[in-house]
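Participant: Each number in our numbering comes from the position in the sequence shown (counting from 1) with 4 added on.
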Amino acid sequence: MSTDAVSTGSTGSTGSTGAPRFDPLAHPPGDAELEGRVIALTGASDGIGRAVALECAQRRASVILLGRNVKKLEAAHGQIEALGGEASIALLDLERAVAKDYEELADAVIARHGRLDGLVHCASLLGTLTPIEHYDVPTWCRVMHVNVTAAFVLTQVLLPALKLSSDASVIFSSSGVGRRARAYWGAYAVSKFAIEGLSQVLSSELDTLTHVRVNALNPGRARTMMRRQAYPAEALESLPLPETLTGPYITLLGPKARGVTGGSFDCQPAP
Ligand code: NDP
């Protein structure tokens, strides 16, 4: 877990809504940071999402693993149980889900837990690295749908459950290319700019009206399938493991970040 470094890279530590300066890297989570909280995560089957889900369970949250691959979700579930944690699986393919799937999920969350204390968006598609001039339109639509539209719909449908919490936190996983554009990153970069925008719009709508805070968090480079796909020739050993980057996710989900909203944060200090 990355806990003790002080970030210089957080771009929005004051937040769009004027939240006080806060750097999750400077507030390492405690062992029972998420005691009693109910946290749902997309992308829980792999990479950063799975690592954050495991860490949430270790920090005593009850975890809802959202994803489309039953085998991978069951493996994550088994790991959590082996650690003595509590988890459930909810199947949701963000490319194919329809209104009924989202509504059934929201109903199940309320029926089982009575509320939701955290929602972490980690699922994403990279698409292809291609100039805009040649970008395949169906690929563009898939990436925008999974990375932006599905994240919006899931947040919207779970908002009533989040409002039933006394201290709820929504985290959208962002990226460096969603803050400063880079050639050829196409729909992925545009989707991450959109997710930063969604996070800011929602946080300013909910600020002062509710106990729901909303932030964007850039995990930075990590040893995952997505990174491998983007940089196939890169030496894997040079990349941090996802489990070393979970600290800021846990802090933003926990009580130390109460009142912090509209921020745009980083899991790794700027190089
Ligand atoms: P991975 O490729 O390792 O994991 C992506 C996750 O998204 C998987 O769990 C995958 O599920 C899920 N997913 C993809 N499509 C769907 C779908 N249609 N329905 C449901 N789930 C889906 O990515 P990372 O762990 O690397 O990325 C996590 C987040 O961090 C992303 O938002 C990414 O943009 C961001 N990020 C990552 C960086 C990195 O270097 N890795 C750098 C900066 C940001 P399945 O297992 O079924 O494929």
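Idealized CB from N, CA, C, for every residue including glycine.
Between the beta-carbon of Ile43 and the beta-carbon of Ile84, is there less than 8 Å?
Facilitator: On the sequence shown, residue 43 is found 39 positions in, with the first residue counted as 1. On the sequence shown, residue 84 is found 80 positions in, with the first residue counted as 1. Not in contact: Ile43 and Ile84 (Cβ atoms no closer than 8 Å).
Participant: With DSSP collapsed to three states, give me the class of Asp105.
Facilitator: For the purposes of this step, residue 105 is taken as residue 101 along the sequence shown, with counting starting at 1. Helix at Asp105.
Participant: Which runs of the alpha helix (DSSP H) spanning at least 4 residues fall entirely within the region 46–82, listed in chain order?
Facilitator: Those alpha helix (DSSP H) runs which fall completely within the region 46–82 and span 4+ residues are 51–62.
Participant: Just to check my reading of the structure: Arg232 and Arg225 have Cβ atoms closer than 8 Å, yes? What is that Cβ distance to the nearest angstrom?
Facilitator: Mapped onto the sequence shown, residue 232 falls at position 228. Mapped onto the sequence shown, residue 225 falls at position 221. 11 Å between Cβ atoms; not a contact.
Participant: I need the straight-line Cα distance from Gly51 to Glu137, nearest angstrom please.
Facilitator: Here residue 51 refers to the residue found at position 47 when the sequence shown is read from its first residue. Here residue 137 refers to the residue found at position 133 when the sequence shown is read from its first residue. Approximately 31 Å, taken between the alpha carbons.
Participant: Given a cut-off of 8 Å, decide if Ser177 and Asp121 are closer than it, judged by their beta-carbon atoms.
Facilitator: For this step, residue 121 is matched to residue 117 along the sequence shown. For this step, residue 177 is matched to residue 173 along the sequence shown. Not closer than 8 Å, so no.
Participant: Comparing the CB of Glu99 with every heavy atom of ligand 1, is any distance shorter than 7 Å?
Facilitator: Position 95 of the sequence shown, counted from the start, is the residue given in the question as residue 99. Result yes, Cβ under 7 Å from ligand 1.
Participant: Within 7 Å: the Cβ of Lys76 and any heavy atom of ligand 3?
Facilitator: As for ligand 3, it is missing from this structure, which binds only ligand 1.
Participant: Could you give the first and the last residue of the continuous alpha helix (DSSP H) run that contains Ser209?
Facilitator: In the sequence shown, the residue the question calls residue 209 occupies position 205. In the sequence under discussion, the amino acid at residue 209 is Glu, which differs from the Ser named in the question. Run containing Glu209: 190–210, per the alpha helix (DSSP H) assignment.
Participant: Report whether the distance from the Cβ of Asp35 to the nearest heavy atom of ligand 1 is below 7 Å.
Facilitator: Taking the sequence shown and counting its residues from 1, the one referred to as residue 35 is at position 31. No, Cβ of Asp35 sits at least 7 Å from all heavy atoms of ligand 1.
Participant: Throw me the rounded Cβ distance for the Val161 and Ala127 pair, which I believe falls under 8 Å.
Facilitator: In the sequence shown, counting from the first residue as 1, residue 161 sits at position 157. In the sequence shown, counting from the first residue as 1, residue 127 sits at position 123. Between Ala127 and Val161 the Cβ distance is about 15 Å, and since that is not below 8 Å, they are no contact.
Participant: Specify whether the region 241–249 and the region 194–201 touch according to this definition: at least 3 beta carbon pairs, one from each stretch, less than 8 Å apart.
Facilitator: No: the two stretches stay apart, fewer than three of their Cβ pairs being nearer than 8 Å.
Participant: In angstroms, rounded to a whole number, what distance separates the CA positions of Leu38 and Ser208?
Facilitator: Here residue 38 refers to the residue found at position 34 of the sequence shown. Here residue 208 refers to the residue found at position 204 of the sequence shown. Leu38 and Ser208: Cα-Cα distance of roughly 25 Å.
Participant: Thr250: beta carbon under 7 Å from a heavy atom of ligand 1?
Facilitator: On the sequence shown, residue 250 is found 246 positions in, with the first residue counted as 1. Incorrect: Thr250 has no Cβ contact closer than 7 Å to ligand 1.
Participant: By Cβ distance below 7 Å, which residues in the same chain neighbour Glu200 in space, the five residues on each side in sequence not counted?
Facilitator: If you number the sequence shown from 1, residue 200 lands on position 196. Excluding sequence neighbours, Glu200 sits near Ser178, Gly182, Arg183, Ala220, Ser268.
Participant: Counting Cβ pairs closer than 8 Å, one from the region 68–82 and one from the region 251–267, do we hit at least three?
Facilitator: No, because fewer than three Cβ pairs between the region 68–82 and the region 251–267 fall closer than 8 Å, the two stretches do not touch.
Participant: Can you say whether Leu213 is buried or exposed, counting buried as having 16 or more other CB atoms within 10 angstroms of its CB?
Facilitator: By 1-based counting over the sequence shown, the position of residue 213 is 209. So Leu213 counts as exposed.
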